[in-house]
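Chemist:
In my numbering, the protein residues as written are 496 to 752.
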């Protein structure tokens, strides 16, 4: 299979969902506030994304106290969010290096094995996905993921981002803070592969707003069936659209002053 992502892009309902998300992003990029203040919108979106990612890890605290929070999960989410802008070009050429860096940032204070693949079968399961793959299988599948990121594909960026997110979330390759890493890698892919080059879309907020559907979508992906994989990609497209809504609200608030 020369372009597996293109196969996924052609699954039922995926093309339509991706197109709708693309249109939502295009509308966001036309907002007048972004002519002068896109970096500020990106910063506010990143903060909301970090808060949502931490909440999906089980640490849900109000947005206004996020910058002062001392919880290691929240601090990890903030460190990851702050670093993403410096990792874009490296993500295309050296994904393993970026994943190790993301884990080092995300898991500081949670484990001593920073940036290293887990050596045991034990891994947290906050979403009820079942037992994690054995370490050897996880390494092999991460190798496959690296090939997807570095290879050329005709599939839209959102499809690649969805697969990146799902693989890291279900493999739990590090055994700690894997959810933070997975969501950061998704956002990084959306930015670096052209859907959201200014990192405005708070896709993590979209996943959080979808509630139980987040875990259900990952379990569908884990089934490996075309229907399950397609359902997950459609879920990610919806999360992007909701993330656009969050970014638009930021723009509107800034416009009102």
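Note that the Cβ used here is the ideal one computed from N, Cα and C, for glycine as well. All of these numbers come straight from a predicted model, not from anything done at the bench.
Do three or more CB pairs link the stretch 551-566 to the stretch 655-664 at distances below 8 Å?
Modeler: With the cut-off at 8 Å, the stretch 551-566 and the stretch 655-664 do not touch.
Chemist: Which of helix, strand or coil does DSSP assign to residue 715?
Modeler: Here residue 715 is taken as the residue at index 220 of the chain shown, counted from 1. The answer is helix: DSSP assigns residue 715 an H, G or I state.
Chemist: Run through DSSP, which three-state label would residue 606 get?
Modeler: Here residue 606 is taken as the residue at index 111 of the chain shown, counted from 1. In this structure, residue 606 counts as strand in the three-state DSSP scheme.
Chemist: Please state the DSSP three-state secondary structure of residue 741.
Modeler: Numbered from 1 along the chain shown, position 246 holds the residue referred to as residue 741. It is helical.
Chemist: Below 8 Å between beta carbons: does that hold for residue 653 and residue 685?
Modeler: Taking the first residue of the chain shown as position 1, residue 653 is located at position 158. Taking the first residue of the chain shown as position 1, residue 685 is located at position 190. Cβ atoms of residue 653 and residue 685: closer than 8 Å.
Chemist: Compare the Cα-Cα distances from residue 616 to each of 625, 610 and 609 and report the closest residue.
Modeler: Sequence index remark: in the chain shown, residue 616 carries index 121 (1-based). Residue 625 is the option with its Cα nearest to residue 616.
Chemist: Quick check on residue 502: does DSSP put it in helix, strand or coil?
Modeler: Position 7 of the chain shown, counted from the first residue, corresponds to residue 502. Three-state result, residue 502: helix.
Chemist: Below 8 Å CB to CB, which residues in the same chain sit around residue 721 once its five sequence neighbours on both sides are set aside?
Modeler: Along the chain shown, one-based indexing puts residue 721 at 226. Counting only Cβ-Cβ distances below 8 Å, and skipping sequence neighbours, we find 506 and 507.
Chemist: Is residue 492 helix, strand or coil by DSSP?
Modeler: For residue 492 there is no data in the structure shown, the boundaries of the chain being 496 and 752.
Chemist: Report yes if the CB atom of residue 661 is closer than 8 Å to the CB atom of residue 674, and no otherwise.
Modeler: As a first step, residue 661 must be located in the chain shown, where it is residue number 166. As a first step, residue 674 must be located in the chain shown, where it is residue number 179. No, the Cβ-Cβ distance between residue 661 and residue 674 is not below 8 Å.
Chemist: Short check: CB of residue 591 to CB of residue 641, under 8 Å?
Modeler: Numbered from 1 along the chain shown, position 96 holds the residue referred to as residue 591. Numbered from 1 along the chain shown, position 146 holds the residue referred to as residue 641. Yes, the Cβ-Cβ distance between residue 591 and residue 641 is below 8 Å.
Chemist: Taking residue 480 as part of the alpha helix (DSSP H), name the residues at either end of that continuous run.
Modeler: Here the chain has residues from 496 to 752 only, and residue 480 is not among them.
Chemist: What is the DSSP secondary structure of residue 620, reduced to helix, strand or coil?
Modeler: Position 125 of the chain shown, counting from 1, holds the residue named residue 620. In this structure, residue 620 counts as coil in the three-state DSSP scheme.
Chemist: Starting from the Cα of residue 670, find the closest Cα among 734, 701, 689 and 598 and give me that residue.
Modeler: Taking the first residue of the chain shown as 1, we reach residue 670 at position 175. Ranking the options by Cα distance to residue 670, first place goes to 598.
Chemist: Taking just the CA atoms, how far does residue 747 sit from residue 753?
Modeler: Outside the displayed span of the chain (496 to 752) sits residue 753, for which this structure offers no information.
Chemist: Less than 8 Å between CB atoms is the rule here; does residue 502 satisfy it with respect to chain D?
Modeler: Protein chains in the displayed structure number just one, and chain D is not present.
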